[in-house]
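These notes concern the structure reproduced below.
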Amino acid sequence: MGLPDYGFYVLCATAVVLLATQAIAHPVEFLQVSIFGLTQGAIYALVALGYTMVYGIIELINFAHGDVFTLSAYIGTTILGFFAVSDGSFTAINVVALLITVPVVMLIMGAINVTIERVAYRPLRNAPRLAPLITAIGMSFFLEGVMFFWKGPATVHFPDLLPQTSWLIGGKDGVFFGVKDIFVVVAAAILVILLAVFINRTKLGKAMRATAQDRDAAQLMGIDINRTIAATFFIGALLAGAGGMIWGLYYNTVYYQLGFRSGLIAFTAAVFGGIGNIPGAALGGLLIGLIAGYSDGYIGSRWTQVVIFGILIGVLVLRPTGLLGMRVPEK
Amino acid sequence: MNQAATAKSPSPPRRFNLRERIRDRETAVYSILLIVAILFPIVDIYSNDGGTADVSQATRAGTFVLLAIGLNVVVGFAGLLDLGYAAFYAIGAYTYALFASLQLQSSPLHHAVHVNFWIMIFVSMFVAAAFGAILGFPTLRLRGDYLAIVTLGFGEIVPQLFYNFDNWTGGINAIGLIDQPHLPFWLQGPWSGDGDFKVVQNFNFNSDPVAFYVLIVILIALAVILVNNLYKSRLGRAWMAIREDEVAAAAMGINTVTTKLLAFSIGASFSGFAGAYYAANIALVSPDNFLFLVSITVLVMVVLGGMGSISGVIVGALTLYFVIFYLIPGLPQNVTNFAGTIGLSDNVANAISDATTRLNFIIYGLILVLMMLLRPQGILPSRVREQELKHAAVQEDEAAVEMSHQG
Amino acid sequence: MSQAAADNILELTSLTKRFGGLVAVDNVTFNIKRGEVFALIGPNGAGKTTLFNNVTGLYTPTAGRVVFDGRDITGSKPHQVARRGIARTFQNIRLFDYMSCLDNVRVGRHVRMKAKVWDSLFKLPRERREEERVTEEAMELLRFVGIQRQANQYARNLPYGQQRRLEIARALATDPKLLLLDEPAAGFTPQEKVELMALVRKILARGTTVFLIEHDMKVVMGISERIVVLDHGEKIAEGPPDEVRKDARVIEAYLGKSA
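First to last, the sequence lines map onto chains A, B and C. Take any residue in the first sequence, count from 1 to its spot, add 1: that is its number in our numbering. Take any residue in the second sequence, count from 1 to its spot, add 712: that is its number in our numbering. Take any residue in the third sequence, count from 1 to its spot, add 35: that is its number in our numbering.
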């Protein structure tokens, strides 16, 4: 292990120590902030997975991915508007509406992402490196433009459909959490587990892993590269779509630039966990969500972006492979 | 082989002519731009009875042109995608603003500093270049994607940092009343409302649109000369070699990391330079002036104009500025009028004109995607160059055939 | 340094390159003498280009040493290797497509130029003079390989044979002591192959040692003085063409592959 790696681990250890002192000194507050960070992190994990899978297979940062995440919430509110849902209380209609809407939105986003790949990225697969990068950022901007055009610059309300039940543990100044928090973490966990099963047990999953490792060899084995890449985009968008809906249900508010901000954070999470590494993205998402939470709570939310950016630079300088990754992000 | 053919290789005069013709084409474009730049304010002010609003607009457009020329060095020459160009713009602007206003009075320093504009503009440039080097250093060893996202992140946090350190930078209250440049003398004329030509002593720019316009035209001219010099030099070729094929470039002895760092740094210095100018021009800097939208606007200008082509990006910048900042804002009114004349109801007309105000982002996105898919070389000048080169080859071949028939 | 060693321009000692579990170059040792034409042959996938890449710094050897002109350059970066005096062409032709032929060759001169950023930025007289000189040198090289008429043509527009020649001109522009040619005759017509061999002899006459990978036996036998044969990353034969051609292991390696 080289000197930079040591530096990386030293910084991680320092952070852990600082947080531990907080945990011991003010356990209740620490727990509260942790819950907040955990729920954020669960959603970031879902988005980070999409980034890491696409990067793993075609070595391209899909800038538009964060906007796919946001767009799903926009589309979700529209579809939910057709149901007689109760905004603010938990009814059977809510459940029905969600059971229908969430899968539908996920599939729509999957289709959109596949189309984006087909239209904007595939034609440029052999072009000089710069071209697909520019199309990617162009696509991101286009999607933001669509959302801006659709609902304007103001925040958009997402109906509050989840159970409102919540608990206060440990007395008046205790920890406050509710069904919603549990929902976010459990839903994300289920999706990640489903993804893991898919990647490891199914033929398509194996094809995706093979193509990511060595595209030429995979092709020689008879794997249809185009289909595999399209599938990767599809699945990534399914996760992002779910993530967007979950975000909407939990935070009840979205805006057109949400994907831009969240995308940067989620990508940092993917790099932190190890780019191209699927468990790494999930782990990275959780950790970055927690770190963002701690930063919001202890340093101040106006510094959180700076902290996250610092982590991105730190990882790239000290340990580009991230926590779990094997692939070095070099040419 | 034929004696006459081997004795006379394709004659130098013909090849000299060819280069002459290419140079002439570029010179033609620059000459046109220069003539238009000189005539524009004169014609416009006369036709507006002394109103200088258009000149102000043109000055803003000129600032974007300067930015586009700088970003072209990074993206067009070296092929590095910088998505946070506005960060260096901000750094340049704030560097000047801090040292040329009362801002530092209210900072922990408790002492306002007022350094001469003509010195500070170079200081801004070097500070921006330094940050370019610092930012580029960790990322230029990695794939281009990483530079892109790191610059994106940088472009986000720099304005944020200027907000956060508000005891130094005024944060959300911005820095105002920024010192204006002054010169020992200046030429006044009918455009300044006084009527006669006269030489003025101790001229203070004082937000005078014409003075700033003249300045930006001179700065652009200087930038074009310098960047052109680089383009036709050892460094310029090294940049393009890296853009074309980094492995082959390294095999030819080019240190790709330092060469890329130079591109990134020099590009940043242009942005810093422009930032100082901007701060003096608007006399107000706030973090809101340097958001991602600015970075992406400049990028779209470069992509539209033709990455790598200096005259191309100038035309691209002017075109996009005209469309985004002049045509489209005027569109709602025009659309409403037009809708009225063809008989659409008021509601529909308003809805359409309302929609047009929200088109900018979609247009940017479409331009980037469509240009890459359909016309990656950009608009006019690049294509001229390509045809020129193809035409040249045909001519040379004809000459060779002619010569081999002469023996 | 002994006389024999001083005659060696390149010495590979136990050169090994591993990619994970795959051994691409396995304990290869040989020397190339100054001023000779040395060929590297072997069936497809034998590790020839990988060996080239280890010499030029594109890969770092897993084990072993590369000594060039008396200096250990093992693990040096590609641009450092070029500066020391090794130039190369590529199996799949890597030209600068959207630059003119003249510019391609002028990039080759990069290592031997002195212009700094400041000089270029302000077009100082010293830089101007250097540019003129470099342009003339580049034109001279284009004439040397016979494509001077294409000087202002985009490299991508050239016919295949001329592209290969352009790549050689670009490599020569770095003033190399050792020139590595990776399958320079691939896809050539018999006439072009004859011209290539003449070109290699001209290059030799200029004082550059030539090290080439080639599949065409006529070309190899026609110009090489010594040959090394690689199979599955291992050196299986070394010597003058006549000896190598009769070597049983070599015949088996080739025949075995085509069976």
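Ideal Cβ placement from N, Cα and C applies to all residues, glycine included.
When you compare the CB of Y94/C with every CB in chain B, is at least one pair closer than 8 Å? Mapped onto the third sequence, residue 94/C falls at position 59. Under the 8 Å criterion on CB atoms, Y94/C is classed as non-interfacial with respect to chain B.
Of all the CB atoms in chain B, is at least one closer than 8 Å to the CB of Q306/A? As a working note, residue 306/A is residue 305 in the first sequence. For Q306/A, the nearest beta carbon of chain B is closer than 8 Å to its own beta carbon.
Would a check of beta-carbon distances place N1059/B closer than 8 Å to chain A? Start at 1 with the first residue of the second sequence, and residue 1059/B comes out as number 347. For N1059/B, the nearest beta carbon of chain A is not closer than 8 Å to its own beta carbon.
Three or more C-beta pairs closer than 8 Å, one from the segment 153 to 164 of chain C and one from the segment 187 to 204 of chain C: is that the case here? In short, these stretches do not touch, since the Cβ pair count stays below three.
Cα-Cα, which of L20/A, A211/A, Y10/A, I44/A is closest to I191/A? Numbered from its first residue, the first sequence carries residue 191/A at position 190. Of L20/A, A211/A, Y10/A, I44/A, the residue nearest in Cα terms is I44/A.
C-beta contact flag for I966/B and A953/B at 8 Å: Counting from one through the second sequence, the residue named residue 966/B turns up at place 254. Counting from one through the second sequence, the residue named residue 953/B turns up at place 241. It is a contact, given that the beta carbons lie within the stated cut-off.
Answer yes if the segment 272 to 286 of chain A comes into contact with the segment 125 to 140 of chain A, meaning at least three C-beta pairs across the two stretches below 8 Å, and no otherwise. In short, these stretches do not touch, since the Cβ pair count stays below three.
Keeping to the same chain, check which residues put their C-beta closer than 6 Å to that of G1/A; ignore five residues upstream and five downstream. Absent from the structure is residue 1/A, since the part of chain A shown begins at 2 and ends at 332.
What are the residues of the segment 210 to 237 of chain A that lie near chain B, defined by any Cβ-Cβ distance shorter than 7 Å? Within the segment 210 to 237 of chain A, no residue has a Cβ that lies closer than 7 Å to any Cβ of chain B.
Rank F752/B, A780/B, A770/B by C-alpha distance to the C-alpha of S1023/B and give the top, closest one. Counted from its first residue, the second sequence places residue 1023/B at position 311. Residue A780/B is the option with its Cα nearest to S1023/B.
Cβ closer than 7 Å: which chain A residues qualify as neighbours of N876/B? To locate residue 876/B, count along the second sequence from 1; it is residue 164. The contacting residues are R303, W304.
Spell out a yes or no on whether the segment 868 to 876 of chain B and the segment 997 to 1009 of chain B are touching, meaning 3 or more CB-CB pairs, one atom from each, closer than 8 Å. Contact holds: three or more Cβ-Cβ distances are below 8 Å.
Look at the alpha carbon of H267/C and the alpha carbon of L214/C, and state the distance between them as a whole number of angstroms. Indexing the third sequence from 1 puts residue 267/C at position 232. Indexing the third sequence from 1 puts residue 214/C at position 179. Rounded to whole angstroms, H267/C and L214/C show a C-alpha spacing of 24 Å.
Is it a yes or a no for the segment 762 to 778 of chain B touching the segment 914 to 934 of chain B, going by three-plus beta-carbon pairs under 8 Å? Yes, the segment 762 to 778 of chain B touches the segment 914 to 934 of chain B.
Give the secondary structure of H823/B by DSSP, where H, G and I count as helix, E and B as strand, and everything else as coil. As a working mapping, residue 823/B is identified with position 111 in the second sequence. Coil at H823/B, not helix or strand.
Which runs of the alpha helix (DSSP H), 4 residues or longer, sit entirely within the segment 225 to 285 of chain C? Fully enclosed alpha helix (DSSP H) runs of 4 or longer: 225 to 240, 252 to 258, 276 to 281.
Taking the beta carbon of Q41/A as the centre, do at least 16 other beta carbons fall within 10 Å, making it buried, or is it exposed? Locating residue 41/A in the first sequence gives position 40, counting from the first residue. Buried, because 16 or more other Cβ atoms sit within 10 Å of the Cβ of Q41/A.
Residue interval of the beta strand (DSSP E) (run including L99/A): Here residue 99/A refers to the residue found at position 98 when the first sequence is read from its first residue. No beta strand (DSSP E) contains L99/A, which is instead part of the alpha helix (DSSP H) from 93 to 117.
Is there at least one Cβ from chain C nearer than 8 Å to S836/B's Cβ? Counted from its first residue, the second sequence places residue 836/B at position 124. Not an interface residue.
P1093/B to M1013/B, Cα distance in whole Å? One-based indexing of the second sequence puts residue 1093/B at position 381. One-based indexing of the second sequence puts residue 1013/B at position 301. Because the pLDDT at P1093/B is just 48, under 50, the model does not fix this residue reliably, and the point stays unresolved.
C-alpha distance - R1095/B paired with G1018/B, whole-angstrom precision: Start at 1 with the first residue of the second sequence, and residue 1095/B comes out as number 383. Start at 1 with the first residue of the second sequence, and residue 1018/B comes out as number 306. With a pLDDT of only 43 at R1095/B, under 50, the local geometry of the prediction cannot be trusted, and the value read off the model is given with reservation. The C-alpha of G1018/B is placed about 9 Å away from the C-alpha of R1095/B.
Over the uninterrupted beta strand (DSSP E) stretch that includes H894/B, give me the two end residues. Here residue 894/B is taken as the residue at index 182 of the second sequence, counted from 1. Its beta strand (DSSP E) spans residues 894 to 900.
Per DSSP, the bridge partner or partners of K52/C: Position 17 of the third sequence holds residue 52/C. Beta-bridge pairing links K52/C to V60/C.
Considering only the beta carbon of each residue, do L163/A and V180/A sit closer than 8 Å? Here residue 163/A is taken as the residue at index 162 of the first sequence, counted from 1. Here residue 180/A is taken as the residue at index 179 of the first sequence, counted from 1. For L163/A and V180/A, yes; Cβs fall inside 8 Å.
Taking beta-carbon pairs under 9 Å, can you tell me which members of the segment 97 to 113 of chain C lie near chain B? Cβ contacts with chain B: K112, P113.
In chain order, what residues of the segment 158 to 172 of chain C put their CB closer than 9 Å to some CB of chain B? Cβ proximity to chain B below 9 Å picks out K158, E162, E165, E166, V169 from the segment 158 to 172 of chain C.
If we cut at 8 Å on Cβ distances, does Y858/B have a partner in chain A? Counted from its first residue, the second sequence places residue 858/B at position 146. Answer yes: the Cβ-Cβ gap between Y858/B and chain A drops below 8 Å somewhere.
Pairwise C-alpha distance: D857/B and N784/B: By one-based count along the second sequence, residue 784/B stands at place 72. By one-based count along the second sequence, residue 857/B stands at place 145. Those two C-alpha atoms are separated by around 18 Å.
Comparing the C-beta of Q817/B with each C-beta of chain A, is any distance below 8 Å? Locating residue 817/B in the second sequence gives position 105, where the first residue counts as 1. For Q817/B, the answer is no, since every Cβ of chain A falls outside 8 Å of its Cβ.
What are the residues of the segment 846 to 872 of chain B that lie near chain A, defined by any Cβ-Cβ distance shorter than 9 Å? Residues are counted here when their Cβ sits less than 9 Å from a Cβ of chain A; for the segment 846 to 872 of chain B these are L847, F849, P850, T851, R853, L854, R855, G856, D857, Y858, A860, I861, V862, L864, G865, F866, E868, I869, Q872, given in chain order.
For the alpha helix (DSSP H) containing L75/C, list its first residue and its last residue. As a first step, residue 75/C must be located in the third sequence, where it is residue number 40. DSSP places L75/C in no alpha helix (DSSP H) but in the uninterrupted beta strand (DSSP E) bounded by 72 to 76.
According to the neighbour-count rule (16 or more other Cβ atoms, all chains shown, within 10 Å of its Cβ), is G1119/B buried or exposed? One-based indexing of the second sequence puts residue 1119/B at position 407. Residue confidence is low: G1119/B scores 42 on pLDDT, short of 50, so the model does not pin down where it sits. Its coordinate-derived value is still stated next. That one is exposed.
On the criterion of 16 or more Cβ atoms from any shown chain inside 10 Å, does G844/B qualify as buried, or is it exposed? For the purposes of this step, residue 844/B is taken as residue 132 along the second sequence, with counting starting at 1. When all chains shown are included, G844/B counts as buried.
Please report the distance separating the alpha-carbon of G883/B from that of I203/C. Translated into the one-based positions of the second sequence, residue 883/B becomes position 171. Translated into the one-based positions of the third sequence, residue 203/C becomes position 168. The C-alpha of G883/B lies about 59 Å from the C-alpha of I203/C.
Cβ-based neighbour list, Q183/C, same chain, cut-off 6 Å, excluding 5 preceding and 5 following: Sequence index remark: in the third sequence, residue 183/C carries index 148 (1-based). Cβ neighbours of Q183/C beyond the five flanking positions: L177.
Would you list the one or two residues that DSSP bridges to E46/C? Position 11 of the third sequence holds residue 46/C. According to DSSP, which records beta bridges pairwise, E46/C is partnered with N66/C, V102/C.
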